[in-house]
Structures are given as C-alpha cells and as structure tokens.
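Below: one structure, written as structure tokens.
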Amino acid sequence: MRHQATALLWRAGLAVALVCCVGLLPWLSRTDPALTVLRARSAERDPSPEVLADIRARLGLDDGPLRLLVQWLGGLWRGDAGRSWISGAEVTPVVLQALGVSLLLMAVALVVAVVTAGLVCARTLCRPERRGGSGSAVLAALPEFLVASVLSTVVGVQLGWLPALGWYGPRWTVLPALALGLPAGAVLGRLLDDLLPGAFAEPWTAAATARGLPRRSIARQAVRRCLPGLLPNAGLFVVGLTGGSV
-11 MRHQATALLW RAGLAVALVC CVGLLPWLSR TDPALTVLRA RSAERDPSPE VLADIRARLG
49 LDDGPLRLLV QWLGGLWRGD AGRSWISGAE VTPVVLQALG VSLLLMAVAL VVAVVTAGLV
109 CARTLCRPER RGGSGSAVLA ALPEFLVASV LSTVVGVQLG WLPALGWYGP RWTVLPALAL
169 GLPAGAVLGR LLDDLLPGAF AEPWTAAATA RGLPRRSIAR QAVRRCLPGL LPNAGLFVVG
229 LTGGSV
C-alpha cells in the first residue's frame, strides 16, 4: 500500500512538473512571448514596441511567468483552463471536443487492430502446425505515417472512395483508423501467433481433442490461455493508439 502511494505521488509530481515546464516554455525559449503571439496572430504585422506593449498588457505578461502559471493552475482547479492567447477563445471546450475526436478515433483504430490480429492468427487457430506468413511481419514493420500516406494517396485521392483530409463525420475516421490500427494489429497478431503454439502444446488440448470438443472451442480456450501474456503489450498499444490519435 505504501509503495502504491509513493508511486502515485511520484507520478503526480512528474505530471505537475511537466505542466509547469510546458507553461514556462515561452520564457524558457528565451524569446519574447508577446512577439511569439504576434507572429502567430499575423506574421505580416510590424512588431513595433507599441504593439508588443499592448499584447503584454492584454495578456498580463508583465506579471511574470510564475504568477501567470499560479493563476492558470488556480483556474484549472475550478475547471477553467483559461483562454487562448492567439484566438481569445476558451480552451476547455476546444480541448474537450478534440479529446472526444481523439478517443473516438482510438476506439475505431482499436477495433481495426483487434480484427487485424485475428486475421493474422486465423491460420494458426485453424491449423496449429501452420504459422502466419511474412505479410503480417511486413505490415508490422511499416511506420504509421507511411501507411497513412499510401492510404490517403491511393484510396482517398486516386480512387476517391474515402475522404483523405479533414474531420466532418464517421467517413473521415476510416483512413486514420486503418493507418493506426493495421500496424498495431499486425504486431499484436504476431505476438499472439508466437504464443499460440505453446498453448496448443499443453496437455489439455490433447484431452479436449480426445473428448471430441469442437476445434473452435479449443482455439477459443487457447486464445484465453495466451491473454495473460498479451495484455501488458496490449495496454502499451492502447496508449500508443491514443497518442497517435491525438
């Protein structure tokens, strides 16, 4: 219990330190935050001293980074993430909307990964003496950005079957979900494919076959036997899919 509390406090401290570092980046980069905001708003506008002074006054930059960070953390505790320095819009609704889109894309990509892993292991599940081919290894080695580029170019642009850019509805989730889920599913499928022969070699499979149990039931039990060794890696893949979706 004490170890878990220590680990939780350590992670919370790391999260707070990370948030503070991100909040102090405009000053840690040794550039004028007012000039950075002006360039983001309008790159052609002349950075005159009067304009920069007006931006500092509007955003309260003269109060210093520590005071601004404390004020922001106090508002965050109440659910107020402040306003954007660029557009002036509230940050919380924008973040929640983007988070919903990212989680939806992650869920669809996870479904694609599970289906892909099942297809990779289908040969081993049907015939344990046969293993998955090299196609899954090639797919697992492909980087996500390459899969996304090929899918958007071929399926989205040349064939025109699905939209290649933007996010306006369910049809726009297909290509990103495939780009994220196919390589992840291939890796999961290869891992499961490596675990299945050991499960089929256990004594219970021979006993189940002798009792006349259907091959489908035996395969399902073999997959269940492999899940404890696969779940830690699956958790990492879920985190990776979430990061890729963001």
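Just so it is clear: in the sequence shown, position 222 is 210 by my numbering, and no numbers are missing. From the three backbone atoms N, C-alpha and C, an ideal C-beta is built for every residue, glycine too. Please read all numbers here as calculations on a predicted model, not as lab measurements.
For residue i, name the three-state secondary structure that DSSP assigns.
i: Arg71; result: strand
i: Glu32; result: coil
i: Glu38; result: helix
i: Glu190; result: coil
In angstroms with no decimal places, state the Cα-to-Cα distance between residue i and residue j.
i: Val100; j: Pro151; result: 18 Å
i: Asp182; j: Leu107; result: 14 Å
i: Arg212; j: Ile206; result: 10 Å
i: Leu176; j: Leu163; result: 20 Å
i: Val58; j: Ile74; result: 20 Å
i: Val83; j: Leu139; result: 28 Å
i: Leu13; j: Ser36; result: 23 Å
i: Glu32; j: Ala22; result: 15 Å
i: Trp(-2); j: Ala86; result: 28 Å
i: Arg199; j: Pro191; result: 13 Å
i: Cys236; j: Thr161; result: Residue 236 lies beyond the stretch modelled for the chain, which goes from -11 to 234, so this question has no answer here.
i: Leu127; j: Leu54; result: 48 Å
i: Pro220; j: Pro202; result: 30 Å
i: Ala5; j: His(-9); result: 21 Å
i: Arg18; j: Ser72; result: 21 Å
i: Ala235; j: Ser137; result: This structure cannot settle anything about residue 235, because the visible part of the chain is limited to -11 through 234.
i: Gly157; j: Ala(-7); result: 42 Å
i: Gly1; j: Leu224; result: 22 Å
i: Gln146; j: Arg159; result: 17 Å
i: Val142; j: Trp149; result: 9 Å
i: Asp50; j: Ala28; result: 19 Å
Going by beta-carbon coordinates alone, are residue i and residue j separated by less than 8 Å?
i: Cys109; j: Leu218; result: no
i: Trp155; j: Val89; result: yes
i: Glu132; j: Leu179; result: no
i: Ser124; j: Ala174; result: yes
i: Gly76; j: Ala69; result: no
i: Val96; j: Ala165; result: yes
i: Ala210; j: Ala194; result: no
i: Gly11; j: Trp65; result: no
i: Ile43; j: Leu16; result: no
Could you give the C-beta distance for residue i and residue j, rounded to a whole number, given that I count them as a contact under 8 Å?
i: Leu170; j: Val135; result: 6 Å
i: Ala172; j: Leu92; result: Contact flag wrong, Cβ pair sits at about 17 Å.
i: Gly48; j: Leu40; result: Actually they are not in contact, since the Cβ atoms of Gly48 and Leu40 sit about 14 Å apart, beyond 8 Å.
Ordered list of alpha helix (DSSP H) runs contained in the region 126 to 179, each at least 4 residues: Taking 4 residues as the minimum length, the alpha helix (DSSP H) runs contained wholly in the region 126 to 179 are 132 to 139, in order along the chain.
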